[in-house]
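In terms of numbering that gives the first Met the number 0, the sequence shown has 66 at position 67, counting the first letter as 1, and numbering is strictly consecutive.
For every residue, glycine included, the Cβ atom is placed at its ideal position computed from N, Cα and C.
All values derive from a computational prediction rather than experimental measurement.
Written below as structure tokens is the structure these notes are about.
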Amino acid sequence: MNRHMAKRAARKTGTAALAAVLLAAAALAGCREPAPSRESVSAAAEAEVMPRRTFGIIYPMADVYYEAVTESAARAAESAGVRLIIKAPDEANLEQQIRMMETMIKQGVDGIAISPIDSEALGPLIDKAAEAGIPVICFESDAPDSRRVSYIGTDNIQAGERMGRAIDGLLKGRGMVLVSTGQSDSLNLRERLEGFLGYIHRETNIDVLEVRYHQGVPEQALADLEGMIDDHPHFDAFVALDFVSGAASILVWKAMGLNRYALTFGLMPEIAEAVRNGQITMAVSLNEHRWGALIVEHLLKACEGEEIPEFLDTGISLVDIHAIESGEGMVETEPSD
């Protein structure tokens, strides 16, 4: 009997000790942070990889000319944690650009930058984006009557006048000039032509023999230039008001071995090489390499409700063989301040 009572006492003592240990463990656990659940860990990891914003960039056409813009925008976007969606029609096509704009609005991107082929046609869609709370920035070509928040680029009338002064300086106020340009509906190209012709007619005795529009089709630009040269073989200079016309002139100058002045808008590696080799006399750079970083920077500001300038003037730079050889005319690898 005494042995049985001793066993019962031992069991009570062991049970009490175990209970004390469990109570102590529970108290200790209460002092610690709860272990993260699998769901919370997954959410945190997703937050780390989710972009801060998503911006769309729509070019008027797919071309190597816009590579500098894309590279600049990509660097700025990576630094800011921004995702980019970049779209462009294969060739300048208004309907495709409209569909791309509509798609981005439906996707609910945080901001859009567009170089509108036709400012009047794209205006209502820019307004639609604004109504949806999506800020829109125009670059290269403006849509001033729309609700876009800013325009990044140059004053194209002044740029056209500057091209006129450049031709005036080369021809000493006299001579015969051929002109090629792109889309007749593009505001930036209309303004460049207006500025160029205004200066030529007002300040010089230079004759503009013909102006042709290739509507953004490279093959047409080449055919137009060959046709103008056939019709006016004694011309003194050729002016390309867009980069497509400039690229066409390189091919023609090489094929025909021409020794005439050729000037173009837009600076890209192909144009820089042509300046170096003598096919292009001078290029008017719009400082395109700055556009991408400015697009990302100012769309971010617009999304945060900050005021941004209505016009961000990136200016122009005249690039000739001397600038190329000295390195002054080469496109910078980093955006300018």
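Just the Cα atoms here: how many angstroms apart are residue i and residue j?
{"i": "GLY80", "j": "PRO143", "result": "30 Å"}
{"i": "ARG211", "j": "ALA220", "result": "8 Å"}
{"i": "ARG82", "j": "ARG52", "result": "6 Å"}
{"i": "HIS288", "j": "SER316", "result": "12 Å"}
{"i": "ARG259", "j": "ASP319", "result": "15 Å"}
{"i": "VAL274", "j": "GLU66", "result": "19 Å"}
{"i": "GLU331", "j": "PRO268", "result": "Annotation note: pLDDT 36 at GLU331 (below 50); position unreliable, coordinate value reported separately. Taking the straight line joining both Cα atoms gives about 11 Å."}
{"i": "ILE294", "j": "GLY122", "result": "19 Å"}
{"i": "ILE307", "j": "LYS300", "result": "7 Å"}
{"i": "GLY215", "j": "ASP117", "result": "12 Å"}
{"i": "GLU193", "j": "ASN187", "result": "10 Å"}
{"i": "THR263", "j": "THR280", "result": "8 Å"}
{"i": "ALA75", "j": "MET227", "result": "43 Å"}
{"i": "ASP109", "j": "THR102", "result": "13 Å"}
{"i": "CYS302", "j": "HIS321", "result": "43 Å"}
{"i": "GLY314", "j": "GLN95", "result": "29 Å"}
{"i": "ALA271", "j": "GLY326", "result": "11 Å"}
{"i": "MET255", "j": "PRO50", "result": "52 Å"}
{"i": "PHE310", "j": "GLY304", "result": "17 Å"}
{"i": "ASP141", "j": "LEU257", "result": "36 Å"}
So, helix, strand or coil for residue i, using DSSP?
{"i": "GLU38", "result": "The pLDDT assigned to GLU38 is 40, lower than 50, so where the model puts this residue is not dependable; a value taken from the coordinates is nonetheless given after this. Of the three classes helix, strand and coil, the one that applies to GLU38 here is helix, per DSSP."}
{"i": "LYS171", "result": "coil"}
{"i": "ASN343", "result": "Because the chain here runs from 0 to 336, residue 343 falls outside it and cannot be looked at."}
{"i": "VAL63", "result": "helix"}
{"i": "LEU277", "result": "The sequence as given places Gly at residue 277; Leu does not occur at that position. DSSP places GLY277 in coil when its eight states are reduced to three."}
{"i": "ARG289", "result": "helix"}
{"i": "ALA131", "result": "coil"}
{"i": "VAL337", "result": "Shown here, the chain extends from 0 to 336; a query on residue 337 therefore has no answer."}
{"i": "ARG147", "result": "coil"}
{"i": "THR180", "result": "strand"}
{"i": "LEU266", "result": "coil"}
{"i": "SER102", "result": "Per the sequence presented here, residue 102 reads as Thr, with Ser not at that position. If DSSP states are grouped into helix, strand and coil, THR102 belongs with the helices."}
{"i": "ASP319", "result": "coil"}
{"i": "LEU192", "result": "helix"}
{"i": "GLU225", "result": "helix"}
{"i": "GLU324", "result": "helix"}
{"i": "ILE113", "result": "strand"}
Do you know whose CA, among the options, lies nearest residue i's CA?
{"i": "TYR64", "options": "SER118, THR53 and GLY265", "result": "GLY265"}
{"i": "ALA341", "options": "MET60, ILE85 and GLU324", "result": "No information on residue 341 is available, as it lies outside the stretch 0 to 336 that the chain covers here."}
{"i": "ALA222", "options": "VAL251, ASP141, ILE97 and ALA75", "result": "VAL251"}
{"i": "LEU93", "options": "ALA120, ALA76 and GLU139", "result": "ALA120"}
{"i": "ARG161", "options": "HIS231, GLY197, GLU309 and ASN276", "result": "GLY197"}
{"i": "ALA128", "options": "ASP117, VAL148 and LYS171", "result": "VAL148"}
{"i": "ASP312", "options": "ALA75, GLU139 and LEU170", "result": "GLU139"}
{"i": "ALA239", "options": "ARG189, HIS233 and GLY256", "result": "ARG189"}
{"i": "HIS233", "options": "ILE249, GLY174 and HIS321", "result": "GLY174"}
{"i": "ILE172", "options": "PRO115, SER325, PHE195 and GLU202", "result": "The amino acid occupying residue 172 in the given sequence is Gly; Ile does not appear at that position. Ranking the options by Cα distance to GLY172, first place goes to GLU202."}
{"i": "GLU296", "options": "ILE57, ASP62, SER78 and PRO50", "result": "SER78"}
{"i": "GLY159", "options": "VAL283, GLY326 and TYR150", "result": "VAL283"}
{"i": "GLU324", "options": "ASN276, GLY304, CYS302 and GLU305", "result": "ASN276"}
{"i": "GLU218", "options": "ILE97, ALA246 and ILE199", "result": "ALA246"}
Apart from the five residues just before and just after residue i, which ones in its own chain have a Cβ nearer than 8 Å to its Cβ?
{"i": "GLY107", "result": "ALA131 and ILE133"}
{"i": "GLN278", "result": "SER248, ILE249, TRP252, LYS253 and ALA261"}
{"i": "GLY29", "result": "Note on GLY29: pLDDT 38, under 50, position unreliable in the model; the coordinate value appears next. Excluding positions up to five away in sequence, the list is empty."}
{"i": "ILE199", "result": "GLY163, ILE166, ASP167, VAL176, ILE205 and VAL207"}
{"i": "GLN182", "result": "PRO59, ALA91, ILE116, ASP117, LEU188, TYR212, GLN214 and GLY215"}
Note down, in chain order, each residue of its chain lying with its Cβ closer than 7 Å to the Cβ of residue i, except the 5 sequence neighbours on either side.
{"i": "ASP126", "result": "SER145 and ARG146"}
{"i": "THR69", "result": "ILE85 and GLY291"}
{"i": "GLN157", "result": "GLY194"}
{"i": "LEU170", "result": "ILE205, ASP235 and ALA236"}
{"i": "LEU208", "result": "MET175, VAL176, LEU177, HIS231 and PHE234"}
Would residue i and residue j qualify as a contact pair, given that the criterion is a beta-carbon distance under 9 Å?
{"i": "ARG244", "j": "PRO59", "result": "The amino acid occupying residue 244 in the given sequence is Ser; Arg does not appear at that position. No, the Cβ-Cβ distance between SER244 and PRO59 is not below 9 Å."}
{"i": "THR180", "j": "ARG164", "result": "no"}
{"i": "PHE54", "j": "ALA91", "result": "no"}
{"i": "VAL176", "j": "ASP229", "result": "no"}
{"i": "PHE242", "j": "LEU224", "result": "no"}
{"i": "ILE56", "j": "GLY291", "result": "yes"}
{"i": "ILE166", "j": "ILE205", "result": "yes"}
{"i": "THR153", "j": "LEU298", "result": "no"}
{"i": "MET99", "j": "PRO115", "result": "no"}
{"i": "ILE151", "j": "LEU124", "result": "no"}
Between residue i and the rest of its own chain, which residues show a CB-CB distance below 6 Å, the 5 nearest in sequence each way excluded?
{"i": "ASN155", "result": "ASN187, GLU190 and ARG191"}
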